[in-house]
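Numbering (the working numbering), first residue to last: 16 to 441.
Structural data, given as structure tokens:
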């Protein structure tokens with residue numbers, strides 16, 4: 016709060032004895048002021064930063080010490096890059112306050128403190144379904160620093176897992192930013208002690224349009240990147256420059272670019288139909304040279320890299336695949352290829368081509384004519400060739416048929432229907 020002094024304490028030791036300890040602080044980027052810190056019990060030194068009468072003022076500080084031999088050290092060590100800081104507030108703490116770091120560090124100024132935060136749920140357990148990838152996010156309005164991950168530790172974990180996109184919620188929990196799995200230095204609020212669901216069905220924040228080069232391929236510690244962590248963002252007019260960002264390994268990540276620079280998109284954790292062969296049970300194999308009118312989702316950080324994580328199929332806009340037979344060639348006629356392999360167990364590949372933008376339905380029928388699987392459900396698809404994977408592990412052996420129906424958009428009479436047979440042998 017304004018006009019409230021803050022006491023800073025630090026443990027300072029030296030094998031040859033401590034000569035002096037000072038606290039340096041400044042307000043809103045002004046000149047530094049030093050305060051002599053006094054020794055209390057043991058090796059604990061304390062000093063006070065006087066109260067500040069300006070709401071939302073930023074106070075940053077560091078500890079300076081000198082031993083009896085004249086050697087000087089500071090805490091943090093690299094004070095030109097990172098310092099301790101806090102905000103002077105006469106209002107409730109927001110997600111922006113918790114996430115904001117003027118030095119680009121991944122450490123929150125509220126790390127280790129319990130705070131209440133309010134936001135709209137932007138991703139829930141229907142988006143990231145595996146236990147390792149379980150990620151729930153809330154966001155306060157739009158703009159930088161506005162999103163945060165919500166953890167499920169503690170007695171309220173089941174309630175958090177039940178959050179649904181569009182709910183406006185308030186959670187009271189511990190700000191956690193330690194570099195341990197599964198946080199990867201991603202700031203989150205966890206060990207929630209109270210939950211309030213204020214309302215449901217609220218519109219989600221519009222994803223912030225940023226350039227791929229803003230995030231790039233470098234690690235953390237840069238304000239331009241860190242400010243978008245856990246926020247809904249969007250890249251537009253992007254080309255897949257490398258379908259596998261970690262070749263020869265494959266962790267489900269690809270490089271895309273809008274012309275400004277490459278950045279990563281992670282395909283494994285969201286609940287959608289796109290893959291780069293890391294999970295071939297999904298429908299669409301995204302190859303190098305494919306493009307999207309837009310990609311959107313939540314920005315995440317793990318294993319030293321920022322990456323966009325699309326939540327579901329709606330986060331992939333205007334998919335333009337490259338041709339399977341001759342990448343870069345635009346199909347001139349409709350076609351449905353024979354699946355390969357055939358017979359198969361348990362999965363097979365199906366390819367079809369569209370010479371026009373079309374409303375597409377691709378479904379599988381058993382020998383009795385009963386529809387047993389829908390691979391593409393009346394989706395508008397762009398011109399191009401599509402390579403899908405059909406996973407039949409939940410079906411019995413037998414003869415099946417797959418039917419493609421493509422209704423050309425804006426091209427009267429240019430429709431297509433074809434049926435082919437395949438055999439599942441287990």
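Glycine included, every Cβ here is placed at the ideal spot set by N, Cα and C.
Exposure of residue 348, with buried meaning 16 or more beta-carbon neighbours within 10 Å
exposed
Which residue wins for smallest C-alpha separation from residue 395, given the options 39, 382, 375 and 142?
375
Would you say the stretch 215–229 touches the stretch 92–105, given that touching needs at least three Cβ pairs under 8 Å?
no
Here's the rule: buried if 16 or more other CB atoms are within 10 angstroms of the residue's CB, otherwise exposed. What is residue 53?
exposed
Under the three-state DSSP convention, the category residue 309 falls into
strand
Would the beta-carbon of residue 368 fall within 8 Å of that of residue 346?
yes
Using CA atoms only, rank isn't needed, just tell me which of 322, 330, 117 and 297 is closest to residue 237.
117
Expected contact under 8 Å - CB spacing of residue 246 and residue 161 to nearest Å:
6 Å
Please check the pair residue 461 and residue 354, which I expect to be a contact at CB under 8 Å, by giving their CB distance rounded to whole angstroms.
This structure leaves residue 461 out entirely; the chain is present only between 16 and 441.
Quick one: is residue 443 buried, meaning 16 or more other Cβ sit within 10 Å of its Cβ, or exposed?
Past the edges of the chain, shown from 16 to 441, lies residue 443, and the structure says nothing about it.
Three-state class that DSSP yields for residue 430 in the structure shown
strand
Measuring CA to CA, which of 61, 26, 31 and 56 is closest to residue 20?
61
Bridge partners - residue 79, DSSP secondary structure assignment:
37 and 89
Assign residue 17 to one of two classes, buried (16 or more other C-beta atoms within 10 Å of its C-beta) or exposed (fewer than that).
exposed
Beta-carbon spacing of residue 231, residue 191 below 8 Å:
no
Note down the Cα distance separating residue 428 from residue 331, rounded to an integer number of angstroms.
29 Å
Using the DSSP secondary-structure output, state which residues sit across from residue 269 in a beta bridge.
280
Going along the chain, which residues of its own chain have a beta-carbon closer than 7 Å to the beta-carbon of residue 129, five neighbours each way excluded?
187, 188 and 189
Is the number of C-beta pairs between the stretch 83–93 and the stretch 173–184 that are closer than 8 Å three or more?
no
Could you check if residue 399 is buried or exposed, using at least 16 other CB atoms within 10 Å of its CB as the buried criterion?
buried
DSSP three-state call for residue 333: helix, strand or coil?
strand
4-residue-minimum alpha helix (DSSP H) runs that sit fully inside the stretch 102–132, ordered along the chain
110–114
Please return the same chain residues whose Cβ sits closer than 7 Å to the Cβ of residue 414, not counting the five positions on each side in sequence.
382, 436 and 438
Simplified DSSP assignment, three categories, for residue 223:
strand
Enclosing beta strand (DSSP E) for residue 322 [first to last residue]
320–324
Note down, in chain order, each residue of its chain lying with its Cβ closer than 8 Å to the Cβ of residue 195, except the 5 sequence neighbours on either side.
With a pLDDT of only 48 at residue 195, under the threshold of 50, the placement of this residue in the model should not be trusted, and no figure is reported.
Whole angstroms is fine: what's the gap from residue 371's alpha carbon to residue 153's?
39 Å
Would you mind giving the Cβ-Cβ distance between residue 284 and residue 253, rounded to the nearest angstrom? I have them listed as a contact below 8 Å.
Not confirmed; about 19 Å, so no contact.
Tell me, please, whether the stretch 206–215 touches the stretch 251–267 by the rule of three or more beta-carbon pairs shorter than 8 Å.
no
Whole angstroms is fine: what's the gap from residue 420's alpha carbon to residue 388's?
14 Å
Who pairs with residue 134 in a beta bridge, going by DSSP?
184
If we count the other Cβ atoms within 10 Å of its Cβ and call it buried at 16 or more, is residue 157 buried or exposed?
exposed
Quick one: grab the DSSP three-state call for residue 423.
strand
Over the uninterrupted beta strand (DSSP E) stretch that includes residue 260, give me the two end residues.
No beta strand (DSSP E) contains residue 260, which DSSP labels as neither H nor E.
Residue 150 vs residue 164 beta-carbon contact at 8 Å:
yes
Would a C-beta distance cut-off of 8 Å place residue 241 and residue 66 closer than the cut-off?
no
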